[in-house]
Structure formats: structure tokens, C-alpha cells
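*Asks:*
There are 2 protein chains.
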Amino acid sequence: MSHTAPRVLVVEDEAAIRELLVLTLRQGGFEPALAASAEEAVNEIRRELPAVLLLDLMLPGTSGLALAKRLRADERTRTLPIIMVTARAEEQDRVQGLEIGADDYVVKPFSPKELVARLRAVLRRRAPHHSGEVVEIGAVRLDPGAHSVTCGGQPRNLGPTEFTLLQFLMHHPNRVFSRDQLLDALRGDHSFIGERTIDVYVRRLRLGLGPYGETLIETVRGLGYKLVAAKA
Amino acid sequence: MSHTAPRVLVVEDEAAIRELLVLTLRQGGFEPALAASAEEAVNEIRRELPAVLLLDLMLPGTSGLALAKRLRADERTRTLPIIMVTARAEEQDRVQGLEIGADDYVVKPFSPKELVARLRAVLRRRAPHHSGEVVEIGAVRLDPGAHSVTCGGQPRNLGPTEFTLLQFLMHHPNRVFSRDQLLDALRGDHSFIGERTIDVYVRRLRLGLGPYGETLIETVRGLGYKLVAAKA
DNA sequence: CCGGCCTGTCACAGCCCTGTAACAATCCGC
DNA sequence: GCGGATTGTTACAGGGCTGTGACAGGCCGG
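Line by line, the protein sequences give chains A and B. All residue numbers for the first sequence refer to the numbering used here, where the first residue is 4 and numbers rise by one. All residue numbers for the second sequence refer to the numbering used here, where the first residue is 4 and numbers rise by one.
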């Protein structure tokens, strides 16, 4: 699978600014998607989850703030990074934005360089999943910051995909995930990868975890896989 | 995966493309239904509501767009997922599609894999895991999310069918179900399985529950089985 | 350019699950 | 207690699902 440009959904009602943003984003190596209203944005997001949302706060109809709240309430879009676009650096806007958990904001007029830089920063921050928090279950320890995994103190070497897979499972222990769901977690919504490929990654992950692998990751026949936390 | 293939209604006037779609859908584990026009589609939908609609925008007579709007206006079909099929990724088509709230769209020519992937994604999105809550009766605890069952703290291993059977019974304790009813609960309405097979699954479930099995699931002679909740 | 790593797919073997049949055990009315 | 009906138990064939090893292609660094 080719490394595709991150999809950035622009929610902006003024056509002129939209055009400007599209050019800037293309130039910066992003794939722009467009929505002129909150409603269009919702549809577009339902269609395909973008990597980042570039959101104008001042929209006709449903405001950008309301949209952001709505997205934060939905499981699927809860962690979607949002960059606010505000006309002025008003204290009120900033406070509101931070309340709903916007990841960053830019102030009009903004320079293309600044915009691209902030987008990259947000993506970089999100890339190692949920911040750099160390997760530990049983004898297995995963450190996103160091990109390292240890089993009972023994350092283990995992490939990128196996690492991400383990990270996802450790964030949701004792829960069964279908192959489809795991594919979503690894490659996003619209990957054309066969489900059976997950089997192979699970196997590689089990091997990578050494003796712990077999007991830690359980197969649930007909459903998928789950990571079992050790019982008390 | 549910054992019944999701029904996909294909609305497409070109016979050649219809055939191609039918093959692709069968291959992908779906059950295709066909309509050559918007009118046929309406009839087919009235007859039996499909899981997804695969809708060509360019149709003779009533256009696909008009059909989509009509479906969105009707209470019964408002939430029916629609995937548009467009000849080209024309901006106008896309905007129109998003306006009526299409869930996704594919562009001709499309790859079978892509189509199947998008169908699955849409279905997954609509039914975000039918998991639900933990049920607990007496010493028996059933966790759908983890797909795990414990008896007095002891983890028990049940096959898929036994698990589903137990789940159904725990949701309706102290009530007798005929073998027919239990078959419906397990395999859906139209299964050709002999009733006696239920006996075997009840036995397997009793065995799977260990010492609790015999007392928990009671035989009601001439009627069927019931799960008895502990007496006060 | 080369070599190594990662990715995604396939084929095949093996196991589990499924559904059925046959037989044993139990229950009920008489 | 007897006989028929109902249920419990076991064994088994077939199919489906998963584990596993191998392999081609892509990407990247040397």
C-alpha cells in the first residue's frame, strides 16, 4: 500500500478562502477535502474519516463549535484532531476552543507555512497513538515514546505494524475485536486489505512477544482476537 | 460475523454492470438483489428492506438522486445506508450526493476489493458492535464485549453457539422456550435444522458451565428448556 | 545498484465446530 | 410394571475457520 497523503477536511463557507486552503494544502503534501457547512462536514466525515479537521468557527447554520462538540461526543470521531480557524485571536474563541478540546488553532490571516507546520505538528503528535503514555499489562510493557516493548524485562523487537497492533489491543484489553475493526485501527477506514492479513500480523505479534505471545493474545473463533489481562 | 449475508440492493440499468456487481457481491459474502430502475427499487425495498443500497446516479426515468431523496423522506428508509455509484468523480455529483446524505460513493471503474471494503465499512459503522452489557445471574457472569463466561469466578470456555444460546437464555430468565424458538434465536427464522439438534447444544452448554450447568438449565418436558434464576 | 526489511497474499494442514443419527435413559399414562 | 413418547448421551462425517510457512513486490538505506 502506497503511503498516501494525509486527508485534511476543510470546513469553510467562504469560497475564496477554501480555494486558498486547497492550494496551500496540496503544496504542503496533504490531500484536501471540502465542506461548506457543518452538515456537509458530517456527511463527508461519515464517508471517510479524515486525518485532521480544519474548522472555521464562524459558519452559517450550525457553528463550528457545535460541530466540534458533536464530533467529540461520537466514538468514531472522538480522537479526530481539530485545528480551529478563527478570524481573530479573541480570548473568548480560544477558551471555547480549548474547552471542546481543539488540538491547535490558527488565526486569519495565516501564512501557508504556518498552517502546514501546525498540521504536521498535530499529525506527528497523534501518530504515536494516544500521547506517549506507557502501557503495562501483566509482564508486557509498551513505551510509545521509546517505541520499545519489553516482556518481563526482556526487550522485544516488533515491526511497525505489530507495534501498533499491540498498542491498540493494550488500550482495550479483554475485549474482542473483529478483523475488520483491527484493520480500521491499523490502516484507517478505507483499506482494501484482505481480512486474513490480520491473522498474519497477529501471528507475527505473537512470535514477537516470545513465550508470552500465545497466552496474551487469544483467538475467539468466528469473531476475532482479544488481548487477555492476567487474572488476579 | 453473522451467518446471514447482508442483503445489498443494486439499482443499475446496465445489465453488464449488474452482472459484474452480482458476482462481486457474492464473492464478498453479500446477498445481491437487483433493480433496473428507481421504480423497481422502490418495490423491492417495500418488499424487503435491504441492508445497503448500491445506487447508480444515472438512471433512465427517475434519477438516482431523486430516489435517494425520496428514501430519505420516508421514515422507514431514512437510515438505509446508500452508496452512490458515479461514472466519474465529478464535483457536482459528489456535492449532490453529500447533500442527500449518501454514506459513501464509488467511482466507475471500481475494483471489487474496494467495493466490498466500502460496503463493509458502511455496515460496520451502522451497527457499532452489538455487544452490550454484562449479564449476571447467580454465579454465572457473561460479558459480550470480552466474549467470556465465568461461573463463580472460574472462567469457562464455550463454543460460539453455546455462548449465543446462554446469552439468549440469560436475557429471558425463568421463561420456557420451545426448541423452535431457540433455533430462531440461534440461526434466524428460516433454518432447516432439526429440532433435536437443540438438545445437543443444551447438553454442550450444560457441560460447558460445569457443576452449575445441570441446575441452571432446566428441561420442561414436552415444551422445551428454561434458565432458572436462583430462588430467594 | 544492491540487500534487507516490511507488507500483503496465498496454499495447505490441522483443528474446531456443526448437525445428524443411533442408542440408552427417563418420564408419563394406564 | 408396561409401553410409548420424550429426552440424554455418544460418536462421527463434513465443512469452515485458523495457524503456519513461503513468497513476490515495494520501500529504504547503504
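Cβ atoms here follow ideal geometry from the backbone N, Cα and C, with glycine treated the same way. Owing to the predicted nature of the structure, the values given are computational and were not obtained by experimental measurement.
Within 8 Å (strictly less), CB to CB, does A:R178 reach chain B?
*Replies:* Closer than 8 Å: yes.
*Asks:* Residues of the stretch 215-226 of chain A in Cβ contact with chain B at a cutoff of 8 Å, in chain order, please.
*Replies:* From the stretch 215-226 of chain A, only V223, R224, G225 and L226 have a Cβ closer than 8 Å to chain B.
*Asks:* Going by beta-carbon coordinates alone, are A:P53 and A:A36 separated by less than 8 Å?
*Replies:* Cβ atoms of A:P53 and A:A36: closer than 8 Å.
*Asks:* Residues of chain B with CB closer than 7 Å to the CB of A:D202, please, in chain order.
*Replies:* In chain order: nothing, as chain B lies at least about 15 Å away.
*Asks:* What does the alpha-carbon distance come out to for the pair A:L58 and B:E47?
*Replies:* Their backbone Cα atoms lie some 41 Å apart in a straight line.
*Asks:* Of all the residues that make up the stretch 44-74 of chain B, which are near chain A by a beta-carbon distance shorter than 9 Å?
*Replies:* Of all residues in the stretch 44-74 of chain B, none has a Cβ within less than 9 Å of some Cβ in chain A.
*Asks:* Going along the chain, which residues of the stretch 147-164 of chain B sit with their C-beta nearer than 8 Å to a C-beta in chain A?
*Replies:* Within the stretch 147-164 of chain B, the qualifying residues are G148, A149, H150, S151, P158, G162 and P163.
*Asks:* A:L226: which of B:P176, B:L185, B:S151 and B:V203 sits nearest, CA to CA?
*Replies:* Comparing Cα-Cα distances from A:L226 to each of B:P176, B:L185, B:S151 and B:V203, the minimum goes to B:S151.
*Asks:* Smallest Cα separation from B:I140: which of B:L118, B:P115 and B:N177?
*Replies:* Looking at the Cα atoms, B:N177 is the closest of the given residues.
*Asks:* Can you grab the Cα-Cα spacing for the pair A:I220 / A:V205, in whole Å?
*Replies:* Cα to Cα, the separation comes out at about 8 Å.
*Asks:* Please confirm if the stretch 16-33 of chain A is in contact with the stretch 72-80 of chain B, defined as three or more CB-CB distances below 8 Å between the two stretches.
*Replies:* Counting Cβ pairs under 8 Å, fewer than three are found: no touch.
*Asks:* By the three-class DSSP mapping on this structure, what secondary structure does A:R224 have?
*Replies:* Three-state result, A:R224: coil.
*Asks:* Which two residues bound the contiguous beta strand (DSSP E) that contains B:D107?
*Replies:* From DSSP, the beta strand (DSSP E) with B:D107 extends over D107 to V110.
*Asks:* Hey, how far is the Cα of A:V14 from the Cα of A:A44?
*Replies:* Between A:V14 and A:A44, the C-alpha separation is close to 6 Å.
*Asks:* Just to confirm my understanding: we take B:S194, look at its own chain, exclude 5 residues before and 5 after, and list those with CB closer than 7 Å. What are they?
*Replies:* Excluding sequence neighbours, B:S194 sits near L186.
*Asks:* Taking 8 Å as the CB-CB cut-off, is B:G213 touching chain A?
*Replies:* By this cut-off, B:G213 is not an interface position.
*Asks:* Please go through the same chain and pick out, in chain order, the residues whose beta-carbon is closer than 7 Å to the beta-carbon of B:R121, but skip the five residues on each side of it.
*Replies:* For B:R121, where only same-chain residues beyond five positions count, the Cβ hits under 7 Å are I86, D107 and V109.
*Asks:* Mapping DSSP to helix, strand and coil, what is B:A36?
*Replies:* B:A36: strand per DSSP, three-state reduction.
*Asks:* Take every Cβ of the stretch 195-203 of chain A, pair it with every Cβ of the stretch 151-162 of chain A, and state whether three or more of those distances are shorter than 8 Å.
*Replies:* These segments do not touch.
*Asks:* Using the beta-carbon count (16 or more within 10 Å), is B:E165 buried or exposed?
*Replies:* Its Cβ being crowded by 16 or more others within 10 Å, B:E165 is buried.
*Asks:* Can you list, in chain order, the residues of its chain whose CB lies under 8 Å from that of B:L70, leaving out five sequence neighbours each side?
*Replies:* The residues are V14, A41, A44, V45, L58 and L62.
*Asks:* Output yes or no for whether 8 Å exceeds the beta carbon distance between B:T89 and B:L60.
*Replies:* Against a cut-off of 8 Å, the Cβ pair of B:L60 and B:T89 comes out as a contact.
*Asks:* Taking only runs that begin and end inside the stretch 135-222 of chain A, name each unbroken alpha helix (DSSP H) of 4 or more residues, in chain order.
*Replies:* Entirely contained in the stretch 135-222 of chain A, the alpha helix (DSSP H) runs reaching 4 residues are, in chain order, 163-174, 182-190, 199-211 and 216-219.
*Asks:* Step through the CB atoms of chain A and report whether any lies within less than 8 Å of the CB of B:A8.
*Replies:* So no, B:A8 is outside the interface.
*Asks:* To the nearest angstrom, how far is the alpha carbon of A:L26 from that of A:V119?
*Replies:* Answer to the nearest angstrom: the Cα atoms are 11 Å apart.
*Asks:* Rank B:V231, B:S66, B:D183 and B:R50 by C-alpha distance to the C-alpha of B:R79 and give the top, closest one.
*Replies:* Considering only alpha carbons, the answer is B:R50.
*Asks:* Which ranges would you report for the alpha helix (DSSP H) in the stretch 10-34 of chain B if only whole runs of at least 4 residues count?
*Replies:* Counting whole runs of 4 or more residues, the stretch 10-34 of chain B contains the alpha helix (DSSP H) stretches 18-30.
*Asks:* Measuring straight from C-alpha to C-alpha, what distance separates A:V55 and A:G211?
*Replies:* Near 32 Å, if we compare the C-alpha coordinates of A:G211 and A:V55.
*Asks:* Give me the chain B residues within the contact set of A:S194, using Cβ-Cβ distance strictly less than 8 Å, ordered along the chain.
*Replies:* Those are A120, listed as they occur along chain B.
*Asks:* Drop a sphere of 10 angstroms on the beta-carbon of B:R224, count the other beta-carbons inside from all chains shown, and report buried for 16 or more, exposed for fewer.
*Replies:* Label assigned to B:R224: exposed.
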